[in-house]
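Have a look at the structure below, then the notes.
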Amino acid sequence: MSHNTVTRSDHPGLTIGISGPGRAGTPQRLISLGLKLAGAGSVYIRPGSRINVGLLDGLVLSGGSHIHPGRYGQEPEVTARYDFPRDETDWQLLRQAEQLHLPVLGICRGAQLINVYRGGSLCQDVTPLRVHTRHHPLLFPLQTVRLVHDSVLGHIMPATSIGANRIHSQAIKLLGRNLRVVAVDNDLFVQGIETTDEHWILGIQWHPEYLLYHSGHRRIFTSLVEAARQWKLARLEGGGATDP
C-alpha cells in the first residue's frame with residue numbers, strides 16, 4: 007500500500023478498508039470512527055488505488071455518486087454525476103473480497119454496487135414512485151424500516167421495526183444472485199440485503215455512520231468488525247482463504 011493512494015487510521019489488530027471518492031468526506035471519517043469504536047483500524051481507498059485486498063480484514067463500500075447504469079445494462083435516465091474510476095475500483099475491490107470471502111459492508115451506493123455486481127439492477131429514480139414516504143433527505147432516523155427477524159441485520163438491530171435516515175434517490179430493483187432482501191421501507195423499497203451463503207456480506211441503503219449515537223446502528227460496525235475478527239482468526243489458523 008503506497009502512501010499516495012491510501013490513508014491509514016492506525017489501530018492494532020484489525021484493518022478494514024473503506025472505499026470512497028477521491029477525497030474522504032464526513033461519511034468516510036464517521037465510518038472510520040465507527041470502526042474504531044468497534045475495535046478496528048481503517049485504511050482509506052481512493053479511486054484508482056491499487057491495493058492488495060488480501061492484506062485487509064474487511065471492507066466497507068461507502069456511499070457517494072450514482073453507479074453508471076451501463077454496469078447493469080441500461081442507459082442513464084436521470085441527470086447525475088458519475089465517477090467511472092470509482093465504479094471500477096469498487097468493482098475490483100468487491101471482486102477480490104468475494105474471492106477471499108472477506109466480510110463486506112455496503113452502505114447506500116455500496117449496497118447497490120453489491121447488488122449490481124451479482125447481476126442485479128437499480129431503479130434510477132424512486133422519487134415519483136413514493137406513495138407512503140415523502141422524498142426528501144433525512145439525516146435523522148425518521149424513516150421506518152422493517153427487518154427480517156431471522157437475518158444478520160435482524161440479529162444486529164434491537165427490533166424488527168427501526169428508524170433510519172434516508173439520502174438516496176436510487177434503489178435496488180432486480181435482486182442479484184444469491185442475495186435476499188432483509189429490510190424494506192414503507193413503500194417496499196429495498197433497504198437491506200444479505201447473501202444466502204456463508205459469506206458475510208451486508209448491504210444497507212441508509213447511512214449508519216450518521217447515527218453512531220444510536221447503539222443499534224453502531225452495532226452494524228461492531229458486527230462487521232466481529233466478522234472480520236473471525237475471518238482473520240480462521241486465516242491465521244490455516245482455515246481461511248488465500249490471496250487471489
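Terminal number for the sequence shown in the working numbering: 250, no gaps in between.
Yeah, the Cβ is synthetic: ideal placement off N, Cα and C, and Gly gets one too.
Would you decide whether residue i is buried or exposed? Buried here means 16 or more other CB atoms lie within 10 Å of its CB.
i, result
"N121", "buried"
"S55", "buried"
"R186", "exposed"
"E81", "exposed"
"N171", "buried"
"E243", "exposed"
"A240", "exposed"
Distance check for residue j and residue i, CA to CA, integer angstroms please.
i, j, result
"L181", "A44", "30 Å"
"R52", "S25", "6 Å"
"P75", "E94", "13 Å"
"E83", "S127", "13 Å"
"R101", "V110", "11 Å"
"L99", "D191", "29 Å"
"V132", "Q197", "13 Å"
"D193", "H174", "14 Å"
"Q130", "T202", "25 Å"
"V154", "I113", "18 Å"
"L145", "Y216", "7 Å"
Starting from residue i, follow the alpha helix (DSSP H) in both directions and report where the run begins and ends.
i, result
"N121", "R115 to Y123"
"P33", "T32 to L43"
"L239", "S221 to L242"
"L108", "Premise fails: L108 is in no alpha helix (DSSP H) and is neither H nor E."
Shortest alpha-carbon distance to residue i belongs to which of the options?
i, options, result
"R77", "V66, D63, D96 and L65", "D96"
"A30", "L20, S48 and G125", "S48"
"G60", "H107, A189, P33 and L144", "H107"
"E204", "Q236, L145, V137 and Q118", "Q236"
"A177", "H161, W212 and I22", "W212"
"K238", "P27, G64, Y50 and Q34", "G64"
"H223", "F195, V188, Y50 and I168", "I168"
"Q118", "S229, L230, I22 and G209", "G209"
Output the boundary residues of the beta strand (DSSP E) element that contains residue i.
i, result
"I24", "T21 to S25"
"P147", "L144 to L153"
"D193", "Here D193 belongs to no beta strand (DSSP E), and DSSP marks it neither H nor E."
Comparing the C-beta of residue i with each C-beta of chain D, is any distance below 9 Å?
i, result
"L239", "Although the question refers to chain D, the structure presented lacks it and comprises just one protein chain."
Legend entry - Contact between the region 150 to 161 and the region 70 to 88 (3+ Cβ pairs under 8 Å): Touching, no.
Legend entry - Contact between the region 75 to 94 and the region 29 to 42 (3+ Cβ pairs under 8 Å): No contact exists between the region 75 to 94 and the region 29 to 42.
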